[in-house]
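Have a look at the structure below before the remarks.
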Amino acid sequence: MGFLSKLFGFGKEEKQAVSVEPVEYNGYLIYPEPIAEGGQFRIAGRICKTIDGEERTHTFIRSDLLGAKQDAETFMLDKAKMFIDQNGDRMFN
Numbered sequence: 837m838g839f840l841s842k843l844f845g846f847g848k849e850e851k852q853a854v855s856v857e858p859v860e861y862n863g864y865l866i867y868p869e870p871i872a873e874g875g876q877f878r879i880a881g882r883i884c885k886t887i888d889g890e891e892r893t894h895t896f897i898r899s900d901l902l903g904a905k906q907d908a909e910t911f912m913l914d915k916a917k918m919f920i921d922q923n924g925d926r927m928f929n
């Protein structure tokens, strides 16, 4: 029965949304959201800002993989800050 359950998707656990605390930087909110991949973590996240009453989001995914989730979060924050400094609101165009 285990094989048939897997085949038809029965008994799958639903993934629960993980709450991420944003880091505020120069009026932007940075959400580090590393992606688990093959025992490592891909550097990823979102950069958000409200402009003229509309929330804008830039998804940030890099090809880098790191062994620890915390390292991927830290690296993402550093890269996102540099990206904000270089591009500002142009990232949303």
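Numbered according to this note's numbering, the sequence shown spans residues 837 to 929.
Quick reminder that beta carbons are idealized off the backbone N, C-alpha and C, glycines included.
Beta-carbon separation (whole angstroms), residue i vs residue j, contact threshold 8 Å
i, j, result
"L901", "R878", "6 Å"
"P870", "M912", "7 Å"
Beta carbon of residue i nearer than 8 Å to that of residue j
i, j, result
"Y867", "G881", "yes"
"F928", "I897", "no"
7 Å CB neighbourhood of residue i in its chain, flanking five on each side removed
i, result
"G889", "none"
"E850", "Below a pLDDT of 50, predicted positions are generally treated as unreliable, and E850, at 48, falls in that range; no measurement from the model is reported."
"E909", "P868, P870"
"E891", "C884"
"T895", "R882"
Contact set for residue i: own chain, Cβ-Cβ below 6 Å, skip 5 residues either direction
i, result
"K917", "Y861"
"D921", "none"
"T893", "R882, C884"
"D914", "none"
Start-to-end residues for the beta strand (DSSP E) that takes in residue i
i, result
"E873", "871–873"
"F928", "Where F928 is concerned, there is no enclosing beta strand (DSSP E), given that its DSSP letter is neither H nor E."
"P868", "864–868"
"E860", "859–861"
Extent of the continuous alpha helix (DSSP H) run through residue i
i, result
"F896", "Careful: F896 lies outside any alpha helix (DSSP H), inside the beta strand (DSSP E) at 890–902."
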